[in-house]
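Accompanying notes for the structure given below.
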Amino acid sequence: MRLLVLGGTRFLGRHVATAALDRGHDVATFTRGISGEPPAGVRALRGNRDDPDALPAALRGWSPELVVDTSCRTRAAARHAAAALGGVHGYAFVSSLNAYRTWPPGPIGPEDDEPTWESDDDEYGPNKAFAERVIGSAVGAGFLTARAGLILGPYDYVYRLGWWLDRIARGGPVVVPAEGFDQPIAVVDARDLAGWLVEMAERGRAGAVNATGPAGMATLGGLLETCREVTGGDADWVPVPEADLLAAGVEPWIHLPLWLPAETARTAWDVDTTRARDLGLPARPLVETVRDTWVWQQTDRRPFDSPNGLPRPGLPAALEATLLPPP
Ligand SMILES: NC(=O)c1ccc[n+]([C@@H]2O[C@H](COP(=O)([O-])OP(=O)(O)OC[C@H]3O[C@@H](n4cnc5c(N)ncnc54)[C@H](OP(=O)(O)O)[C@@H]3O)[C@@H](O)[C@H]2O)c1
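See below:
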């Protein structure tokens, strides 16, 4: 079928384009052409989705039957997609857990029991919730919104796992959160999510889905141990209590990526994924995600980019030095 990826040249969207090709579709991406080219074999349509005329112009002569939307961040982009693509058979939209008004901190139960943002604020979560409503009502029965949790894998330019891999590979004493080490976490591999999104669009599946791994599939400490195994580094963990990290000015999630203070972490990682599992969203072993990200990072590393204006992840050396015991 003719499958359009709105996005498709960076991370998740790139994997979607590849998965769609592998499944035999005639694939096009729609991007501004700033962040690079789609995978070989894909038709590269150009335009800015914030421009109301761009999508209709690009689609003249090539009319998609399926859409996977990985690039929607603005209300204008949502309106224009709704206007141009309401008639497709299946539309899989990539949203976020941030679409929920109560996340973070969560917890998040079954999708239909949780409220999403309805405010007019021009912010990430409210914009995703708006897009779900406006595109969902244009497409109707074939609209699925995947409220994604943390997405990891090769081509991840957000550099959260990437920073841990680089730091642990460098070895020596590595600051880790003492209480956070055993914290259960859940992630989704971009390739698992991508293939599943294509399948959901093909099947015209509808509704909201918490699109992440099973709660408790790993712990933060287990992920870090996997990074140590995969990189072969000789890192020694230096567990630092949460109170000391916060007192030193360590910013959760930013300076120590994936770390949240215990009170938030307990509920933020607690997301019901029963529907995702019922609909067959795969959850490959975490070691594959970590290993393949490490291989990619060493061979084809891309510069960090901030999706939401967040700073580059990682613990600055000067701050790290204040937390380590004297040599
Ligand atoms: N990373 C996470 O952990 C996480 C968690 C939850 C949800 N999400 C969601 O997952 C998705 C991941 O996206 P990704 O960056 O990996 O997808 P991607 O499709 O691989 O990359 C983003 C694409 O959007 C295009 N784009 C950006 N602005 C555009 C515009 N105004 N008009 C047309 N094209 C535009 C970019 O190309 P050009 O720059 O060339 O235009 C690029 O191809 C996002 O929707 C994000 O909200 C991510």
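Quick note: the sequence shown uses the numbering used here, first residue 30, plus one each step.
Backbone N, C-alpha and C define an ideal beta-carbon position, used for all residues, glycine too.
For clarity, every value in this text was computed on a predicted model and none was experimentally measured.
Check: Using CA atoms only, rank isn't needed, just tell me which of 269, 126, 106 is closest to residue 296.; Outcome: 126
Check: Below 8 Å between beta carbons: does that hold for residue 308 and residue 246?; Outcome: no
Check: Quick one: is residue 337 buried, meaning 16 or more other Cβ sit within 10 Å of its Cβ, or exposed?; Outcome: exposed
Check: What does DSSP give as the partner residue(s) for residue 175 in the beta ladder?; Outcome: 123, 238
Check: Should the region 180-189 be called in touch with the region 315-322, which here means at least 3 C-beta pairs below 8 Å?; Outcome: yes
Check: Are there 16 or more other CB atoms within 10 angstroms of the CB of residue 63, so buried, or fewer, so exposed?; Outcome: exposed
Check: From residue 96 to residue 120, what does the alpha carbon distance come to, in whole angstroms?; Outcome: 5 Å
Check: What are the boundary residues of the alpha helix (DSSP H) that residue 196 is part of?; Outcome: 189-199
Check: Please work out which residues of its chain come closer than 6 Å, Cβ to Cβ, to residue 30, disregarding the five sequence neighbours upstream and downstream, and give them in chain order.; Outcome: 54, 94, 95
Check: Near residue 211, what residues of its chain come up, given a Cβ to Cβ distance below 7 Å and the 5 sequence neighbours on each side ignored?; Outcome: 248, 250
Check: I'd like to know if the region 230-243 and the region 282-293 are in contact, where contact means that at least 3 CB-CB pairs between them fall below 8 Å.; Outcome: no
Check: Out of 112, 196, 342, 207, which one is the CA nearest neighbour of residue 271?; Outcome: 207
Check: Considering only residues of the same chain and omitting the five flanking positions on each side of residue 159, which have a CB-CB separation below 7 Å?; Outcome: 104, 107
Check: Let me know if residue 324 comes out buried or exposed under the rule of 16 or more other beta-carbons within 10 Å of its beta-carbon.; Outcome: exposed
Check: Let me confirm a value: residue 285 is counted as buried when at least 16 other C-beta atoms fall within 10 Å, else exposed. Which label applies?; Outcome: buried
Check: With a threshold of 7 Å, establish whether the CB of residue 330 neighbours any heavy atom of ligand 1.; Outcome: no
Check: Please determine whether the Cβ atom of residue 190 lies at a distance below 7 Å from any heavy atom of ligand 1.; Outcome: no
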